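There are 2 protein chains.
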Amino acid sequence: MNPDPEHPLRLFIRKLDGIAALGDDARQAIEQLPITVRTLTSRHDIVQLGDRPSQCCLILAGWACRYMLLDQGRRQILSFHMPGDIPDLLSLHLGVMDHSLCTVGPATVAFVSHKSVRDLTARFPALAAMLWRETLVDASTFRGWMVGIGRRSATERVAHLFCELYVRQQALQLASDWRCSVPFTQTDLADALGLTNVHVNRVIRDLRKDGLATLRTGELVIHKWQELVALAEFDAVYLHLNAHETPAEV
Amino acid sequence: MNPDPEHPLRLFIRKLDGIAALGDDARQAIEQLPITVRTLTSRHDIVQLGDRPSQCCLILAGWACRYMLLDQGRRQILSFHMPGDIPDLLSLHLGVMDHSLCTVGPATVAFVSHKSVRDLTARFPALAAMLWRETLVDASTFRGWMVGIGRRSATERVAHLFCELYVRQQALQLASDWRCSVPFTQTDLADALGLTNVHVNRVIRDLRKDGLATLRTGELVIHKWQELVALAEFDAVYLHLNAHETPAEV
DNA sequence: CGACACATTGACCAGACTCAAAGCTAGTGG
DNA sequence: CCACTAGCTTTGAGTCTGGTCAATGTGTCG
């Protein structure tokens, strides 16, 4: 049976296939996963802190973000997620959610029961390894963000996030020509970067004034990639996008 | 064959056994892992950014920390690790190290080849799941730290780290009586919290003055646990210490 | 005793925050 | 089709938390 180019999980399959060649049988098993597809509105909580999910959610279209709240309305966004991601895969092995997950803009997601995933990983240990790897890349991205929030200036942080968002979307063939979609409010960006929306606004203005990048109505345009990379000290290793960096023996 | 109470990996085995009952065969397989034990001096880099390790390191005694450097000597410490941890387990599935790992104070570590670990996880899928879970707890700790660095005040951050260090050591039966070991310099703490050593020093002084906690010559004494927890908004879920929170079906 | 690393304190500074007001923009409903 | 609204963006003025720089204190180890 040939790959189904219209299958809802095709982006996910393509991503796994980029890590290591996916056998036909594994691919078919994924295509036959029982899924429930839902279209969600913006700001819809998919899972919340304290939940004990019995399913995972795979993003098919749109964006999601993980976040945590503190008192006085303080919020920290922990990560942004794009099509092909399974942001709550961790619930497969950790009983309780330690954070929440919500859509950013309207999004389409596929729900897969933990049981189905467990069956799949039991049948295809190589697939289990790929999913494990996905969660490790996730962790690596947290480390990248931690360095930024802890040790970079506001301008460096914004520049760094711009670089990351472009590179990640480019890897999924969702961006090219130094343009990509950034459908977040400036408050979202601020909560991701550990800043205030007011300050993020000023930084974006300065980046525009300096001709490095422009962010307007959900679209990011990068004018001077090299300068932006240098300013942010951006190095994409932490995103682990290159399949060939994976140990050969896997 | 009964468990060997003197085996160097006993702490690691005890930790896994706390997640889910470890079968005798799996336990014996771990005890028979070929390991190389080394005692390292303080500030010794175990793996560095850019390395492509072919082995993992399991901490037997002492502390280690992960860190990343930026220009102008800026450093962000990403995590602290204690006996039983395998801080570079991620190298099993990610080819390239995206950060460095070094000892904090003298430490004893056991090196295990990736090959041995792969053999083990192939033979015992349940063990693979436990190791996967370990890396997920790791990621959860990063999220916990991110919230602190991004959204907590300096005092809240220090208080939060004190709570975490005590709870984690207590879980390993390395602490009790509101006292535990914190063998880091104030500069280490600052680099972990996204602050400067000078400011950390002032915060510690204030916490001492307010009678909440005292940190002196490597020992932390907590005087008012409840107040410290309240000040830090500390909630230990993110450490996933309780085995019974693990999904039953695993 | 001397050297070194770490802790502590003071004085001053600045990057980012707060508060508040005004301008946009995309939807919505009449 | 336009007025209205709600949410988001932009800007200014003033403040403050935490940073910088520099000096002094403390403790440990050879």
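Residue numbers (this note's numbering), protein chains in the order written: chain A, 32 to 281; chain B, 32 to 281.
Note that the Cβ used here is the ideal one computed from N, Cα and C, for glycine as well.
Source: prediction; values computed, not measured.
Could you give the distance in angstroms between the alpha-carbon of residue i and the alpha-carbon of residue j?
| i | j | result |
| --- | --- | --- |
| A/N232 | A/V189 | 10 Å |
| B/P137 | B/R74 | 8 Å |
| B/H38 | B/W94 | 19 Å |
| B/V78 | B/P114 | 17 Å |
| A/Q59 | A/V127 | 31 Å |
| B/E165 | A/D208 | 40 Å |
| B/Y98 | B/W176 | 13 Å |
| A/A206 | B/R247 | 53 Å |
| B/D241 | A/V234 | 38 Å |
| B/D55 | A/A153 | 21 Å |
| A/Q204 | B/H145 | 33 Å |
| B/D76 | B/F43 | 22 Å |
| A/K255 | A/G49 | 29 Å |
| A/T172 | A/T67 | 28 Å |
| A/G249 | B/A57 | 52 Å |
| B/R105 | A/N33 | 52 Å |
Name the DSSP bridge partner or partners of residue i?
| i | result |
| --- | --- |
| A/R199 | Per DSSP, none; premise fails for A/R199. |
| A/W94 | A/V135 |
| B/D76 | B/C133 |
| B/V252 | B/R210, B/T245 |
| B/I61 | DSSP output for B/I61 lists no bridge partner at all. |
| A/M99 | A/Q107 |
| A/L226 | According to DSSP, A/L226 bridges with nothing at all. |
| A/F142 | A/T67, A/C88 |
| B/H112 | B/A95 |
Just to confirm, is the Cβ distance from residue i to residue j under 8 Å?
| i | j | result |
| --- | --- | --- |
| A/L220 | A/L262 | no |
| A/S122 | A/P65 | no |
| A/A284 | A/I253 | No answer is possible for residue 284 of chain A: it lies beyond the span of chain A, which begins at 32 and ends at 281. |
| B/F155 | B/R69 | no |
| A/L132 | A/P118 | yes |
| B/V140 | B/F215 | no |
| A/Q107 | A/D222 | yes |
| B/L270 | B/R199 | yes |
| B/A202 | B/L151 | no |
| B/C87 | B/V168 | no |
Pop quiz: residue i and residue j are said to be a contact at Cβ under 8 Å. What is the actual Cβ separation, rounded to whole angstroms?
| i | j | result |
| --- | --- | --- |
| A/A157 | A/A51 | 7 Å |
| A/L109 | B/R182 | Between B/R182 and A/L109 the Cβ distance is about 11 Å, and since that is not below 8 Å, they are no contact. |
| B/L226 | B/A185 | 6 Å |
| B/A92 | A/A159 | Contact flag wrong, Cβ pair sits at about 32 Å. |
| B/L80 | B/D129 | 7 Å |
| B/L40 | B/L120 | In fact, because the Cβ distance is near 14 Å, the residues do not count as touching under 8 Å. |
Tell me which same chain residues have a C-beta within less than 6 Å of the C-beta of residue i, skipping the five on either side of it?
| i | result |
| --- | --- |
| A/L53 | L47 |
| A/G179 | R188, H191 |
| A/L238 | A244 |
| B/L71 | T134, A138 |
| B/D82 | M128 |
| B/Q257 | none |
Can you find the residues in the same chain that come closer than 8 Å, C-beta to C-beta, to residue i, ignoring five residues on each side of it along the sequence?
| i | result |
| --- | --- |
| B/L251 | F193, L196, Y197, R210, C211, S212, V213, A244, T245 |
| A/R45 | G115 |
| A/D35 | R41, E62 |
| A/F111 | W94, A95, C96, V135, L196, F215, A223 |
| A/Q217 | N228, V231, N232, I235 |
| A/E264 | R183, E187, H191 |
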